[in-house]
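Novice: Have a look at the structure that comes next, please.
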Amino acid sequence: MVKSALSLQPVFAVPLGAARLDSCELLNRELEALFLAREDDEHRNSRPSHIPQRETFESRFNLFRWPETCVQELRKFVLDTVVATVLQATRLLPADLARLALHNHTWFHITRHAGSFVSHNHPMASWSAVYCVRAGESVPEEPASGLLRLFDPRGGAGAYRDPANASLHPVFAPAPLEFRLSEGQIIVFPSYLFHEVTPFYGHDRRVTVATNCWFT
Amino acid sequence: MSTLAPQVVPIFATPFGVVRLPQAQTLNSSLAELFEARATQEHRPASGTPRGRLFLSRDDLLTWREEPVRQAVREVVSGVTSVVASISELSGEELAALAVEARAWFTIVRPDGCVPATSYPNTSWLAVYCVTAPEPSEQRIDSSVLRLYEARLETSFQDPAHPRSRVPYRRGHCTWRPVPGEMAVFPAALMHEIALVRAEGALILLTAAVRFAGGSGSWMPPW
């Protein structure tokens, strides 16, 4: 029997930032209207890294260079949230970060019925983020519809299971992390993490903005 | 400048076997009919969530008495054993001395359905045998494929030469198109999915988790 106090802590932890844009309804409607108006070949990503699906539109990666006020307002919120995540997750001080250049690739997705996005990560970036413009219809009979799923990077850690490791506290359990994003919500995570969007079975649309950031 | 040709070999390689089961193939119509008839609540796992486009049965096919199922399961297990034998340093006698433990279930995926990403604990091998499959589509090339996930995190750095690496060094997911009568065999701990079915018709699979037991000093946790 262990007599001394036990210290138990999570190690090899993955940083995850989460925030919400207050009073985002008007902004999101403006963004959605703009994206729908530009859901065309001119604005489509012409060099997709994955097999394109007709149910999911992916824009070019230059979204944050668009001059529209709504885009620039979103740009500030998203990049500020990424920077805040970096400051909390690293030993960098604000002055250190201010000397760095923040680069980004940013695009929007419009996902319609039975659209999804296959598991992937983002090479040559340090931080990725997903912002929800429109959550899309929830489908009670399809509880996994339209989830952002982050895969646990401890590949194979769940290969052996017995009663003493089958019910670990969530912070220790090797399992994917799933988010049903709501409008105005942003999730920031390391770009090395594999993630996917599960098939969306709503009959409207799910609209998100994603960014990859790197610093020099 | 001349250099000697380097010796390059794959390390940390993942085995992936494809086995054709001609005897089982003759049973496919019987299997499909039986599985379609039993895609009911009674044959769903207690914890299974009903989904209109996906049916996953209980993993009790080894207890079914119908001869087509018994024969198909026998051939699937035999196929897994042949894959293991092909990569093992165990002799045929040593491998035959081990007890084969298996669980098997059937899956029906209908249009716009998929099998979400998963892996299986406490087992060595997963065998995915295709009973029926929708016609492949040139427009939807990843429709209903088995997709085995890339798991190497060093992929977060790449230079311009990486994307053009040859198999087996190429980074990214691997896919296999289910063909009736064929079976894929791979480590059960490997994360995988069945991609969305983007064609008319159902994809029907018989899947088995297989492990070997009984060697000296070995202990197996319950399934």
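Going line by line, the protein sequences match chains A and B. Okay, so the first sequence: first residue is 1 according to the working numbering, each after it adds one. Okay, so the second sequence: first residue is 217 according to the working numbering, each after it adds one. The beta carbon of each residue, even a glycine, is placed where N, CA and C say it ideally should be. Treat the numbers as computed from the prediction; the structure is a model and nothing was measured.
#1: Relative to the alpha-carbon of P350(B), which residue among W280(B), A415(B) and L270(B) has its alpha-carbon at the smallest distance?
#2: Helix, strand or coil for V171(A)? Go by DSSP, reduced to three states.
#3: Less than 8 Å between the C-beta atoms of V331(B) and L270(B), yes or no?
#4: Along the chain, where does the alpha helix (DSSP H) containing L79(A) start, and where does it finish?
#5: Helix, strand or coil: which one does DSSP assign to E178(A)?
#6: Do S4(A) and the ligand MG come close, with the Cβ less than 7 Å from some heavy atom?
#7: Under 8 Å: do the segment 121 to 128 of chain A and the segment 173 to 181 of chain A share three or more Cβ pairs, one atom per stretch?
#8: Bridge partners for H408(B) per DSSP, in chain order?
#9: Report yes or no: is there a C-beta of chain B within less than 8 Å of the C-beta of E142(A)?
#10: Looking at the secondary structure, which residues open and close the beta strand (DSSP E) in which E317(B) lies?
#11: Could you check whether V133(A) and E32(A) sit closer than 8 Å to each other, using their CB atoms as the reference points?
#12: Of all the beta strand (DSSP E) runs that stay within the bounds of the segment 226 to 253 of chain B, which reach a length of 3 or more residues?
#13: What is the rounded straight-line gap between the Cα of V289(B) and the Cα of A313(B)?
#14: Considering only the beta carbon of each residue, do L342(B) and V285(B) sit closer than 8 Å?
#15: Taking three-plus beta-carbon pairs below 8 Å as touching, is the segment 236 to 246 of chain B in contact with the segment 373 to 389 of chain B?
#16: Excluding the 5 residues flanking K76(A) on each side, which residues of the same chain have their C-beta closer than 6 Å to its C-beta?
#17: According to a CB-to-CB cut-off of less than 7 Å, which residues of the segment 342 to 361 of chain B neighbour chain A?
#18: Taking the alpha-carbon of P363(B) as reference, which of T219(B), V413(B), R274(B) and G430(B) has the nearest alpha-carbon?
#19: For the segment 395 to 423 of chain B, enumerate the residues whose C-beta is nearer than 9 Å to any C-beta of chain A, in chain order.
#20: Is the Cβ of I51(A) closer than 8 Å to any Cβ of chain B?
#21: Quick test of your reading: T198(A) and T111(A), contact by CB under 8 Å. State the CB separation rounded to the nearest angstrom.
#22: Between P274(A) and chain B, is the shortest Cβ-Cβ distance under 8 Å, so that the two count as touching?
#23: Are the beta-carbon atoms belonging to V401(B) and G308(B) less than 8 Å from one another?
#24: Cα-Cα, which of E366(B), I324(B), E305(B) and S360(B) is closest to I420(B)?
#25: So, for V361(B): in the same chain, excluding its five sequence neighbours on each side, which residues have a beta-carbon less than 8 Å away from its beta-carbon?
Specialist: Based on what the coordinates show:
#1: A415(B)
#2: coil
#3: yes
#4: T69 to A89
#5: strand
#6: In the structure on display, the ligand MG does not appear, and there are no ligands present to speak of.
#7: no
#8: T334(B) and L364(B)
#9: yes
#10: A315 to V325
#11: yes
#12: List check, beta strand (DSSP E) in window: 233 to 236.
#13: 20 Å
#14: no
#15: no
#16: none
#17: I357 and D358
#18: Correcting the residue identity first, residue 363(B) is Arg in this sequence and not Pro. Per the Cα distances, V413(B).
#19: P403, A404, A405, L406, M407, E409, A411, L412 and R414
#20: yes
#21: 10 Å between Cβ atoms; not a contact.
#22: Residue 274(A) lies beyond the residue range present for chain A, which begins at 1 and ends at 216; the question has no answer from this structure.
#23: The answer is no: Cβ separation not under 8 Å.
#24: I324(B)
#25: Here the set comprises T391, W392, R393, P394, I410 and A411.
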